[in-house]
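Contents: one structure, followed by commentary.
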Amino acid sequence: MSEGIAYRGLREWLALVDQAGQLQKVDGASWEEDIGMATEILHHAPGSPAALFDHIPGYPTGNRVLANGLNSKERLAITFGLPSDLSSFELSSRIAAKARNSKYLPFEYVQDGPVLENVHTGDDINIWEFPVPRWHDQDKGRYIGTGGFNITRDPDEGWFNLGTYRVMGDSDGRHAFFYVSPGKHGRIHRDKYFARREPCPVVVVAGADPLLFLAGCTEHPYGLCEYEWAGGMRGEPFQVIKGQFTGLPIPADAEIVLEGFAHYDDLKEEGPFGEWTGYYASSSRLEPRIEIKAVYHRNNPILVGSPPNRPPDEQSFYRSFMRSPLLKEELEKAGVPDVQAVWCHEAGGARMFVAVAIKQRYPGHAAQAGHIAASCHVGAYCGRYVVVVDEDIDVTNLEEVIWAMCTRSDPATSIDIINRAWSTHLDPRISPEDKEKGRLWNSRAIIDATRPYDWRDQFPAVNMPAPELRRQGMEKWGYLLKK
Ligand SMILES: Cc1cc2nc3c(=O)[nH]c(=O)nc-3n(C[C@H](O)[C@H](O)[C@H](O)COP(=O)(O)O)c2cc1C
């Protein structure tokens, strides 16, 4: 195990979270209303504990649901084996540095594992044996897949992808849907099978090691198998068993797994579902159904839920930590010099409001940084606003970013627009007519909120003391704040 990561699998992670006083156990909450409502409340209270629901009416004791797992800095720090007393920016940079310094480690096949404790096939398949919550009151169905990931294989190139895509169970308990926005890697895989009129093999993991979950919901490069990223982070390969119907690699210690085939010619209505933008924006559409061939689960399984709620919520919280340093790395790889910091703000769902701080080196530097941030792999999907600021602005502080926007940008000359950029059915600002016709694009504003390069030396000085003077001031006068 790599230095720091002191657990293997969800259950050991939960034990550490419990030891750290970060776990709340809840008995008797209903799947119909209570779990979704309690999760909504926890999501909107920063730093709130993880909640493990048990004794769910209608279900056997021990058949549990975990929610709000990653909504605190302490729990993210535990996940990556890092100290929890770092600033948000430092913690996210340390996570990225750990990834940068790790070698990708391929998974290894094993013959057995806890996921095989219960295997149902044929007439024994019924996904409603799990207490899948109704997460939002206007959701059409019960979403078993929110805090997990889906595994697919590229039929041409052979590589495996782990991607977190919502999974709604169908009422018969034997089918499910995975909604994947066009352009996501799992969607590209599925499209390739469907173009050949073949079923797409897929595995839905509805609870597993949080490292694998964070790997699956983060924008890793096309062609990278997320098992390798997560194995590298842990310093040890992930163990998998081979799915008996699809051959896909299933985490040997996963909690709940559905294995089957999505069919291009078996379409049924999926959605609406309350989404990360804060709306039921995707309404319902015909989506391919997955025919479930096998259900695997551990004894006393834990279904992991990470339902999207109106941001800022749990999802935007952990995604800001994962996505911000990746975006910074992509800017650097694209050759943008002196990028000081990047933050994908929680209020924009960690996608729609991105702040980039640079130390300006030449005319056009800010526009270059802004356009690349809006268009690179990490930044492209469903972005909206990119604000480029000078290095004296703390990009993680929304108020400082807004202050820079208000005082250093000129709306008539500082905003560039990109049209017809990559968006999704989930975008609430695309009209129903455009969605109907597949015109799934939106526009982007790149706001240059840096001091204008050509007269930056004459820009009025900020009326705050320089950092060293302020530090001295705090030493002398800080006591005034203590009353
Ligand atoms: C909780 C959660 C749910 C998500 N649900 C979906 C979804 O339903 N469809 C989708 O396309 N992306 C969804 N995403 C975003 C993808 O997981 C993310 O873009 C990821 O990078 C996709 O993997 P890929 O790059 O391998 O395609 C979700 C993310 C999270 C954190």
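To convert a position in the sequence shown, counted from 1, into the numbering used here, add 23.
Where is the CB? At the ideal position from N, CA and C, for every residue including glycine.
Beta-carbon gap between residue i and residue j smaller than 8 Å
| i | j | result |
| --- | --- | --- |
| L75 | A199 | no |
| F284 | P222 | yes |
| V409 | A472 | no |
| Y202 | Y216 | no |
| Y166 | P330 | yes |
| S71 | N91 | yes |
| S194 | T447 | no |
| I438 | S466 | no |
| Y341 | W252 | no |
| W182 | G254 | no |
| V88 | P178 | no |
Between the CA atoms of residue j and residue i - distance to the nearest angstrom
| i | j | result |
| --- | --- | --- |
| I101 | S95 | 10 Å |
| K506 | D276 | 52 Å |
| D214 | L449 | 19 Å |
| A142 | Y319 | The amino acid occupying residue 142 in the given sequence is Val; Ala does not appear at that position. If I take the Cα positions, the gap works out to 5 Å. |
| R176 | D480 | 54 Å |
| G266 | C429 | 55 Å |
| E249 | S343 | 19 Å |
| A52 | H66 | 17 Å |
| F296 | R312 | 16 Å |
| P451 | R494 | 45 Å |
| K48 | E152 | 21 Å |
| H78 | W54 | 11 Å |
| F482 | R474 | 7 Å |
| Q338 | P69 | 12 Å |
| V424 | G406 | 17 Å |
| T300 | G371 | 8 Å |
| L421 | D336 | 16 Å |
| L185 | E352 | 21 Å |
| A38 | A29 | 11 Å |
| S307 | R431 | 43 Å |
| H388 | A120 | 25 Å |
| K458 | G27 | 46 Å |
Integer Cβ distance of residue i from residue j, believed to fall under 8 Å
| i | j | result |
| --- | --- | --- |
| Q262 | F172 | No, Q262 and F172 are not in contact; Cβ-Cβ is about 16 Å, not under 8 Å. |
| M191 | G209 | About 15 Å separates the two Cβ atoms, so there is no contact after all. |
| I381 | P324 | Going by Cβ atoms, the distance from I381 to P324 rounds to 48 Å, so no, they are not a contact pair. |
| E293 | E310 | 4 Å |
| G328 | T62 | 7 Å |
| L93 | P244 | With a Cβ gap of about 23 Å, L93 and P244 do not count as contacting. |
| E113 | Q45 | In fact, because the Cβ distance is near 20 Å, the residues do not count as touching under 8 Å. |
Cβ shell of residue i (< 8 Å), same chain only, five flanking positions each side left out
| i | result |
| --- | --- |
| E56 | R157 and D160 |
| E242 | R346, L349, H400, V401 and Y404 |
| I118 | L99, F103, L105, F344, M345 and P348 |
| L354 | V362, V365, V379, A392, I395, A396 and C399 |
| M24 | Note that M24 scores a pLDDT of 43, beneath 50, so its modelled location is shaky and nothing firm can be said. |
| P386 | Y476 and D477 |
| I264 | Y132, V133, Q134, D135, G136, V138, L139, P272, I273 and A275 |
| G206 | Y404 and W445 |
| I150 | I167, G192, G196, R197, A199, L281, I315 and V318 |
| G496 | P488 |
| W36 | Y30, I101, T102, D232 and P233 |
Any non-hydrogen atom of ligand 1 within 7 Å of residue i CB
| i | result |
| --- | --- |
| C240 | yes |
| S398 | no |
| H243 | yes |
| H67 | no |
| R407 | no |
| G208 | As written in the sequence, residue 208 is His, which differs from the Gly given in the question. Because some heavy atom of ligand 1 lies under 7 Å away, the Cβ of H208 counts as near it: yes. |
| T473 | no |
| V155 | no |
| S204 | yes |
| N184 | yes |
| R333 | no |
| T300 | no |
| T187 | yes |
| T169 | yes |
| S329 | yes |
| R342 | yes |
| Q338 | yes |
Beta-carbon contacts of residue i that lie in its chain and below 6 Å, excluding the five residues immediately before and after
| i | result |
| --- | --- |
| N322 | E140 |
| A229 | I167, G168, G171, I279 and L326 |
| A218 | none |
| M60 | none |
| E414 | Q363, A380 and K382 |
Beta-carbon contacts of residue i that lie in its chain and below 7 Å, excluding the five residues immediately before and after
| i | result |
| --- | --- |
| S116 | P348 |
| L463 | P205, S446, T447, H448 and I453 |
Cβ-heavy atom distance, residue i to ligand 3, below 7 Å
| i | result |
| --- | --- |
| S204 | Ligand 3 is absent from the structure shown, which contains only ligand 1. |
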